[in-house]
Amino acid sequence: MSQTFPTAAGDRVPLAQKFGMGLGSVHDMWGHWLYVGMAYQVFNIYLGVSPAWIGRALLIKLFFEAIWDSVFGWWSDNTRTRFGRRRPFILVGSVLSGFALPLLFAARPGWSEVQYFWFMVATLAVFVPIMSCFYMPFLSIGAELTPDYHERTALAAFRSVCQKVPEVAMFAAAAFTTAGVWVAASWADVPARLGALAQQTGAWFGGVFGNLFHLDFAALGRLAQTLFGWLPPAAGAKPNILLGAQVYTVLLGSVMIVAGVVMFFLLRERYYEKLVVGRNQERVTILETLVLALRCRPFRANLCMALAYGSGTALVGTFGYYATVYYVCKGDVAAAGTWNFWMGLSGMAFGFLGIPFYATLARRLGKKTGMMAVQLSAMAVFIATWWLYTPEVRWLQVFASGLIAFTSAGFWMIYSSIGADVMDYDELESGKRREGAFSACGAWIMKFGMAIAGWLTSEALALTGFDAALGGNQSASAIFTIRFLLAAVPVAGLLIAFILLARLGLTQEKMAEVRTALEARRGQV
């Protein structure tokens, strides 16, 4: 067991600033990951675009992110304003991303596959730099809020808890866009359709509370089959999924705008006045941002571990969704949308449980041992998906989603906390605070790796023999391959990540030595 070092009162992050970091999860989830899931639903299932074309567009998206993340990480490191070097970017990027989100689905029916592809590329070329403007400074400011080893884990845990709320909106997207109100709908009658959805939702919640009061669990089970009371389309009717996606992103974009303004006023830059302005820190070069950060051994170890984990689990969203729709639900997109929501709700609940569980392990045993526990647990979960995704017992997939979220919450929480430790280690070596450089360097390498993984996922989906035109009548070989890849590839990535974890040397004792040396050199912050 690791030696315990208590957290000083001055090192604790105020609740308001923790809440500000939590709000950033809205933009992270909806700005980065919502599109990845909805792109296949809208462009493949509704508009008939080949998964290969969608995968190529998503590949280009990640290359865009690799470029722009580097630019804004470097830019924010070198910015000096009365509001700090991170907060102005956070304000501008978060507000503009809310306005730009609906543009991603502002397409029209009837285009060719190539036209849809170039539409995706063009809109992503606009949206990606806006998100980078927000996200790189946001990541950087998170590493600056406290110098304490354990408080960094507590901050990452708080942010992970907040992240579960926007995750629900991601899983609800499929149910919202396939709801029966979007059958034969157009923008002219969107207010009326939203009113109908609101009435259905109100009646549904009334039924839930009433049945809870009377302990009528059979009725609750029937209500659970229709998310929020959003009635599915009649047999043979097809909802306008494209319009549903457009309306949904307008609603979410509005929330992003408000959250961005609140974040700007809540967050503070602890290191800015004393370590950046006070000692007139030298400018960080673009070469440092793109390459030289990789000279830091703990950074390389942490980054490569995350790359192996992220690449291995990247296909879960895609193959998991297709397994739900075409294996568990036999091609019933509306039913799958409802199940997808309950899987998201399960992910939120289990994610909440995973955060304190792995945070406690990391505090008592150290972050490295805590991360080992995360990865071993995740391997067991992904192997179990072979049995948990089954049409015979559909609710088991809800359990699978929850267990995946349980381990995922632990991984990214500890990874983020270790990343903040890396910044201190680098300051001792280089004499600079360059959170933006490390955030950007890590981002472009992660994005490059994830781009390759995403592209391979799309190509693999095409090679499975999957054909959207067949609906629920997919070939047995296509279904088998989708299920096999869903279980096997994440385990392979986790095995690599487990090996790389051994190279991480930032123990609690080592970080105590680093902090003592830093404070002897430049004082406390």
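Per the numbering used here, the sequence shown starts with residue 466, numbered consecutively. Quick reminder that beta carbons are idealized off the backbone N, C-alpha and C, glycines included.
Q. How many Å lie between A902 and W498 at the Cα?
A. 23 Å
Q: Evaluate R760 with the Cβ neighbour count: other Cβ atoms within 10 Å of its Cβ, from every protein chain shown; 16 or more gives buried, anything less gives exposed.
A: exposed
(Q) Mapping the DSSP letters down to three states, classify V648 as helix, strand or coil. (A) strand
Q. Which ranges does the alpha helix (DSSP H) cover as unbroken runs of at least 4 residues, wholly within the segment 827 to 864, from first to last along the chain?
A. Secondary structure within the segment 827 to 864: the alpha helix (DSSP H) runs of 4 or more consecutive residues, fully enclosed, are 832 to 853 (chain order).
Q) How long is the line joining the alpha carbons of G796 and S942, rounded to whole angstroms? A) 16 Å
**Q.** Local conformation of P821 per DSSP, three classes
**A.** Three-state DSSP puts P821 in a helix.
Q: State the start and end residues of the unbroken alpha helix (DSSP H) segment that holds A699.
A: Premise fails: A699 is in no alpha helix (DSSP H) and is neither H nor E.
(Q) Using only the alpha-carbon positions, how far apart do F599 and H679 sit? (A) Roughly 48 Å separates the two Cα atoms.
(Q) Can you tell me whether D534 is helix, strand or coil according to DSSP? (A) helix
Q. If we count Cβ pairs, one from each stretch, closer than 8 Å, do we get three or more for the segment 506 to 519 versus the segment 555 to 568?
A. No contact exists between the segment 506 to 519 and the segment 555 to 568.
Q. Are there three or more Cβ pairs, one per stretch, closer than 8 Å when the segment 816 to 830 is compared with the segment 770 to 787?
A. Fewer than three beta-carbon pairs drawn from the segment 816 to 830 and the segment 770 to 787 are found closer than 8 Å, and the two stretches are therefore not classed as touching.
Q: Excluding the 5 residues preceding and the 5 following A982 in the sequence, name in chain order all residues of the same chain whose CB lies nearer than 6 Å to its CB.
A: L893
Q: Rounded to whole angstroms, what's the CA-CA distance from A885 to R617? Just pull it up for me.
A: Looking at the two C-alpha atoms, the distance is approximately 7 Å.
Q. Are the beta-carbon atoms of G802 and G867 separated by less than 8 Å?
A. no
Q | Nearest residue (CA-CA) to L960, options G936, L731, A773, L768 | A | When only C-alpha atoms are compared, the closest one is A773.
Q) In angstroms, rounded to a whole number, what distance separates the CA positions of S562 and E857? A) 42 Å
Q: Measure the Cβ-Cβ separation of S842 and P631 and say whether it is below 8 Å.
A: no
Q. Which of the three DSSP states, helix, strand or coil, is assigned to G743?
A. Because the pLDDT of G743 is 49, which lies under 50, any placement of that residue in the model is unreliable, and the number read from its coordinates should be weighed accordingly. The answer is coil: DSSP assigns G743 none of H, G, I, E or B.
(Q) Give me, in chain order, the residues of the same chain whose beta-carbon lies closer than 6 Å to that of W851; leave out the 5 immediate sequence neighbours on both sides. (A) A952
Q: Taking D476 as the reference, give the member of E609, S559, F537 with the closest Cα.
A: E609
(Q) Pairs of beta-carbons, one from the segment 620 to 627 and one from the segment 895 to 912, closer than 8 Å: are there three or more? (A) no
Q) How far does the alpha helix (DSSP H) with A933 in it reach, from first residue to last? A) Segment: none, A933 is in no alpha helix (DSSP H) and carries neither H nor E.
**Q.** Nearest-angstrom Cα separation, counted from L768 out to G907
**A.** 6 Å
Q. Under a three-way DSSP split, which group does R547 fall into?
A. coil
Q. Tell me which same chain residues have a C-beta within less than 7 Å of the C-beta of F817, skipping the five on either side of it?
A. Excluding residues within five positions, the ones whose Cβ falls inside 7 Å are V626, K629.
**Q.** Neighbourhood of G809 by C-beta, 8 Å cutoff - its chain only, sequence neighbours within 5 removed
**A.** E632, V633, M635, F636, A637, S866
Q: Tell me, please, whether the segment 909 to 918 touches the segment 495 to 514 by the rule of three or more beta-carbon pairs shorter than 8 Å.
A: no
Q.
Rounded to whole angstroms, what is the Cα-Cα separation between Y581 and A572?
A. 8 Å
**Q.** Cβ shell of F963 (< 6 Å), same chain only, five flanking positions each side left out
**A.** Q840
Q: Would you mind stating whether Y791 and I944 have Cβ atoms separated by less than 8 Å?
A: yes
Q) Nearest to K483 by alpha carbon, out of A849, F603, A800? A) Considering only alpha carbons, the answer is F603.
Q. Is it right to say W652 is buried, meaning 16 or more other beta carbons lie within 10 angstroms of its own, or is it exposed?
A. exposed
Q: Report the three-state DSSP secondary structure of D613 (helix, strand or coil).
A: coil
Q. Alpha carbon to alpha carbon, how far is P997 from A933?
A. This structure does not reach residue 997, given that the chain is present from 466 up to 990, and the question cannot be answered.
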